[in-house]
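K.L.:
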Amino acid sequence: MSDMKDLEGRIAMALERIGKGIEALKASPVEGAGPDAEGMQKDLEEERAAREAAEKAQNAQRQRIVQFKRWVKGLKEEIAQRDREIARLKAVNTELRVTSRALRGANAEGLGNALLINKAMEAELDALNSLRDSDRSELDTIIREIETLVDLRENKEDA
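Counting in this note's numbering, the sequence shown runs from 54 upward without gaps.
1. Val119 to Lys209, Cα distance in whole Å?
2. Tell me where the alpha helix (DSSP H) around Asn166 begins and ends.
3. Work out the CA separation of Gln111 and Glu99 for me, nearest whole Å.
4. Can you tell me the Cα-Cα spacing of Leu202 and Ala144, whole angstroms?
5. Between the C-alpha atoms of Lys58 and Lys79, what's the straight-line distance to the nearest angstrom?
6. Taking its Cβ as the centre, do 16 or more other Cβ atoms sit within 10 Å of Ala173, making it buried, or is it exposed?
7. Per the contact definition of three or more C-beta pairs closer than 8 Å, is the stretch 128-136 in contact with the stretch 152-160?
8. Just the C-alpha distance for Ile71 and Ser55, rounded to the nearest angstrom, thanks.
9. Determine whether the beta carbon atoms of Glu198 and Ala176 lie at a separation below 8 Å.
10. Less than 6 Å between C-beta atoms, sequence neighbours within five positions excluded: which residues of the same chain meet that for Leu192?
11. Nearest by alpha-carbon distance to Leu205: which of Asn166, Arg117, Leu128 and Glu162 is it?
12. Taking the Cβ atom as the reference point for each residue, do Ser183 and Leu142 lie within a distance shorter than 8 Å?
13. Output the distance between the C-alpha atoms of Ile132 and Thr194, rounded to the nearest integer angstrom.
So, in structure tokens, the structure goes:
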């Protein structure tokens, strides 16, 4: 119990010394403290403004990254579509070659086979349709790329 009273006394004396020290500081301000404090405040405001500008730039960069990721995703989808179109075009052209070879063989033997002629015409039409679809897809891709570039330029001009 005496230890508690001893500790309470020591704490009370320490608080009293702290209070006297604070009063002494209030009574005698340090010379030159004002301008330094103002300078520090100005520096702090400049740092805050610089930090805010950096955060805005970082957010703009993040938005550009998101746009770029969307663009890359679109390109990957277009590549996959092109791969499918190429595979279809190869298959149709292979069928056209086989049918044309058979038609040439029949014509060489003097056998004009209407079924072979019809198959050859169908294969040729399929090849032309596939080629047209491929060209259309390529044009659509070019148009999307131009639109993307225009959008990026407009966003850059707005920033």
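The beta-carbon is built from N, C-alpha and C at its ideal position, and this holds for glycine as well.
P.N.:
Looking at the coordinates:
1. One C-alpha to the other measures close to 15 Å.
2. Counting along the chain, Asn166 falls outside any alpha helix (DSSP H), and DSSP gives it neither H nor E.
3. Cα-Cα distance, rounded: 18 Å.
4. 35 Å
5. 32 Å
6. buried
7. no
8. 24 Å
9. no
10. none
11. Arg117
12. yes
13. 10 Å
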